[in-house]
Structures are given as structure tokens and as C-alpha cells.
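The next block holds one structure in the form of C-alpha cells; read it before the comments.
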Amino acid sequence: MTTSERTDVGTVEDLHASATRLTGLDDFGGGDGYLDGMRVLLSSYGHEASLTPAGSKQTRGLLRSALVSRLLAEAAWRQYPQHAQVALERPVFVTGLPRTGTTALHRLLTADPAHQGPELWLTEVPQPRPPRATWDEHPVYVALREAYARHPELTGVHYMGPEQVEECWRLFCQSMCSVSFECTAYVPSYSAWLAGHDWTAAYRRHRRNLQLIGLHDQGRRWVLKNPSHLFALDALLAVYPDAVVIQTHRDPRTAIASVCSLNARAAAGWSTVFRGPVVGRAQLELWSRGLRRFRRDRARHDPGRFIDVRYPDFVRDPLGTVAAIYDRLGSSLTAPARAAMQQTLRGTGRAAHRYDLAEFGLTPGEVDAAFTADG
């Protein structure tokens, strides 16, 4: 049976073999427990997710891509041993519930020439960031650009392009340690495993990837963004002890309705169960648990390491919000940075994204109850 004819996600062994065939590499590294997570995840896909043939194909591609990225990272670390000496000073992590302005804020902050973030294609193909003028010559970059161009309907939900600075969740997929898997499939066994998992090793791998990608840009400050940081604040601060964390805030009713819509559209046709109320219950449980954990963990750390951003304030005055963040960071919002951010703001228009809690079997009261403890 050829890969294109498969109707299952596959086994640990054949996914590894497939990644090796694609790259010619076979050193997947270790030390982060990725095989444990992969085995639980594959079992969950096989016994709980009710994937369709299309869903199995997409999921197999996602897991194979994570293994390919893992192989490429291992090879690049050997090729560029100097990456281990790269300092990541006072990185900024943007987190909060999904759909609370994290993406827009992240893209404004990384528009500053003094900052850097992980471009989507470099999270897929980890390597020292090449000069921008050469990207169009890279076959993986071109392939990703063409793939995203074929799906313009998603830009109303969350625009993605290979050149765009994006979330760092793909780096965690290398360790099979990511809530992204829960956002496109019903995998309760994996969810339970991840809820009790220590993310510290995954953050160490995350850091090594950033050291590699930023090898030629060592004077620029890293700004990262990912809602999944809610679930692992202690691990984040153990690996990045001088990090500053920005938390965004928005009405949970709106955030949950929006993230349910986003995930349902992203995984449409992939499963016979991951739809409607199943999506609603799973996402409400996931994100209310994440926010409760973050609030509890945050209370144990220095309050000065955290910056809060209210969604209505950010929408009303994005540059004023950024200026206030810079004040807290002890940095100056330079004229070039402000100009770059203004240009970014002019390019953020997109189609409307409509969503409704009722579509996912949820009521406003249920969402309020789940988040009561977090205000």
C-alpha cells in the first residue's frame, strides 16, 4: 500500500520510516520523551478520534511533518554547534486564551526591527534564518506559500503565510507535547496524558530551536506567542528564567465561541465525532483548565514579570498599548519600530469571522461558570 492510499494514521515505526525517506536522515534524538507522547497520541487517534480517511491523511501528514522537523533540527544542531552559545536575553512570551488578540499583538511587537519571532516556514524546516532575499529560492518555502494560497477561505479566521511570524506550537510538536493536537481532534486519552506531563524538556528543545533559527540575528530580542504557554508556566520560566510574559484578556464567551469556530473549520471533514457539541465541550474544558492553571502558577512568581493587556484597550489604541508594554520592558519605541507597526496595522484587514456558542452546544452561563474563578 502506498502512502497516498493509506486510510490510517500509521504506527510509530512507519511514521519514522516515512520521515527518514523524505529527508535521508535517521537521527531523531531523544531526551524529551517524545516517543511516550507519540504512542499515547497514536492510540488516542486510533481508538477515540473517529477519523475519516481525509482526517487520517491530514493527521499522518501533521505527525510526519513534526518528525521531519525533528530530524532537520538534530542535523542542523550538529552542523552549527555554535548555536549552543547563542544567548536569548529577556525573551517576551505573549499568551492568553485563543482569540484574545495574541496574534495581532505578537505581529505588532515583531514588526520592530529590534525584535524577532519564528517565521512559520522556519518552524517547519529549522535552520539559521537565511537572508530574506533568498527565501523564494528555497523549495520548502515555495511549497508552503503555494499550499496556503490554495486555501484563502481561512484568512478570515487566522491568516497564515510561510513568511509570517507565527505561533511556536510547531516547535512543541517535535516533542509531541502540544495542545494543538487537541484542537483538531477528539483525543481525550492524550489530553489526560498531556495534562499531567512535565513540559520542561519540550521547552529545552524549543529553546535550542530558537538558538538555531536566530543564529545570525543574535542582537534581536525574541518575541514568542502561543496560548499553550498557559499550561506550562513553571516549565517556561525554568528554561527561560529572565522571560517576560504578556497575558491578554477578553470575555471568555467570545473567546470560546471563536476558538471553537476556528478549530471546527480547520478540521472540517476530518472526523465523524469532532464537531458541534463535542468541539464545544472539549474546548471549554481545555481552555478553562489552562487558564485556571496559569492563574495558579502565576501567583507563585514575581508579579513584575507579567504584563496584562485587555482586548478592548488594545483594539481601541493598539500603538498606545504597545507603548505601555515598552515602558514596562524598559525599552524605547523607536521611530523605525513605530513606522513598521503602523504599516502592519494597515495590512491587517480581513474577512469577518462569525461564530456562535449555540453552534457548539454551549450557553453563556456554562462558559461563565467554567471561568468564574478567573474573572
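Residue numbers are given in the numbering used here: position 180 of the sequence shown equals residue 344, and the series is strictly consecutive.
Think of the CB as a built atom: it goes at the ideal place given N, C-alpha and C, for glycine as much as any other residue.
Cβ-Cβ distance between residue i and residue j below 9 angstroms
i: residue 337; j: residue 427; result: no
i: residue 528; j: residue 417; result: yes
i: residue 268; j: residue 232; result: no
i: residue 264; j: residue 414; result: yes
i: residue 208; j: residue 353; result: yes
i: residue 573; j: residue 256; result: The chain is shown from 165 up to 539; residue 573 falls before or after that span and cannot be answered.
i: residue 601; j: residue 411; result: This structure cannot settle anything about residue 601, because the visible part of the chain is limited to 165 through 539.
i: residue 503; j: residue 350; result: no
i: residue 521; j: residue 482; result: no
i: residue 344; j: residue 357; result: no
i: residue 373; j: residue 282; result: yes
Minimum C-alpha distance to residue i - residue among the options
i: residue 329; options: 270, 454, 198; result: 270
i: residue 304; options: 208, 487, 229, 491; result: 229
i: residue 451; options: 438, 424, 462; result: 424
i: residue 474; options: 243, 508, 260; result: 260
i: residue 190; options: 215, 469, 238; result: 238
i: residue 174; options: 272, 521, 205, 196; result: 205
i: residue 447; options: 309, 327, 355, 313; result: 355
i: residue 325; options: 402, 313, 211, 333; result: 313
i: residue 498; options: 297, 276, 536, 215; result: 276
i: residue 365; options: 335, 388, 188; result: 335
i: residue 383; options: 278, 298, 194, 302; result: 278
i: residue 394; options: 469, 369, 405, 462; result: 462
i: residue 420; options: 358, 518, 489; result: 518
Cα-Cα separation, residue i to residue j
i: residue 494; j: residue 254; result: 11 angstroms
i: residue 505; j: residue 266; result: 15 angstroms
i: residue 306; j: residue 467; result: 44 angstroms
i: residue 525; j: residue 248; result: 48 angstroms
i: residue 371; j: residue 407; result: 12 angstroms
i: residue 192; j: residue 409; result: 31 angstroms
i: residue 430; j: residue 460; result: 31 angstroms
i: residue 360; j: residue 400; result: 16 angstroms
i: residue 390; j: residue 176; result: 27 angstroms
i: residue 472; j: residue 331; result: 19 angstroms
i: residue 168; j: residue 300; result: For residue 168, the predicted structure reports a pLDDT of 46, less than 50, and the residue's modelled location is therefore unreliable. The matter cannot be settled from this model.
i: residue 465; j: residue 199; result: 32 angstroms
i: residue 319; j: residue 202; result: Residue placement at residue 319 is flagged as unreliable, the pLDDT there being 41, under the threshold of 50; a coordinate-derived value is accordingly withheld.
i: residue 234; j: residue 523; result: 38 angstroms
i: residue 178; j: residue 172; result: 11 angstroms
i: residue 535; j: residue 262; result: 14 angstroms
i: residue 487; j: residue 388; result: 18 angstroms
i: residue 224; j: residue 186; result: 14 angstroms
i: residue 221; j: residue 227; result: 10 angstroms
i: residue 402; j: residue 470; result: 15 angstroms
i: residue 404; j: residue 368; result: 9 angstroms
i: residue 294; j: residue 386; result: 17 angstroms
i: residue 165; j: residue 501; result: Model confidence at residue 165 stands at a pLDDT of 37, short of 50, so the residue's coordinates are unreliable and nothing is read from them.
i: residue 327; j: residue 398; result: 31 angstroms
i: residue 496; j: residue 489; result: 10 angstroms
i: residue 492; j: residue 252; result: 19 angstroms
i: residue 480; j: residue 180; result: 48 angstroms
i: residue 533; j: residue 449; result: 11 angstroms
i: residue 197; j: residue 455; result: 25 angstroms
i: residue 194; j: residue 258; result: 28 angstroms
i: residue 432; j: residue 246; result: 43 angstroms
i: residue 296; j: residue 188; result: 27 angstroms
i: residue 530; j: residue 311; result: 38 angstroms
i: residue 236; j: residue 302; result: 15 angstroms
i: residue 298; j: residue 507; result: 23 angstroms
i: residue 218; j: residue 511; result: 34 angstroms
i: residue 321; j: residue 308; result: Any reading at residue 321 is ruled out, since the residue's pLDDT is 42, under 50, leaving its predicted position unreliable.
8 angstroms contact criterion, which residue i and residue j should meet: CB distance rounded
i: residue 342; j: residue 422; result: In fact, because the Cβ distance is near 20 angstroms, the residues do not count as touching under 8 angstroms.
i: residue 381; j: residue 280; result: 5 angstroms
i: residue 128; j: residue 434; result: Residue 128 cannot be examined here, being either before or after the span of the chain that is shown, 165 to 539.
i: residue 216; j: residue 436; result: 6 angstroms
Residue i at chain D interface by Cβ criterion, 9 angstroms
i: residue 486; result: The structure shown contains no chain D; it holds only a single protein chain.
- prompt: Would the segment 376-391 and the segment 278-290 be scored as touching if the rule is three or more Cβ pairs under 8 angstroms?
  reply: Judged by pairs of C-beta atoms under 8 angstroms, the segment 376-391 touches the segment 278-290, as three or more such pairs exist.
- prompt: How about the segment 231-242 and the segment 426-442: do they share at least three Cβ pairs that are nearer than 8 angstroms?
  reply: Between the segment 231-242 and the segment 426-442 there are fewer than three C-beta pairs closer than 8 angstroms, too few to call the two in contact.
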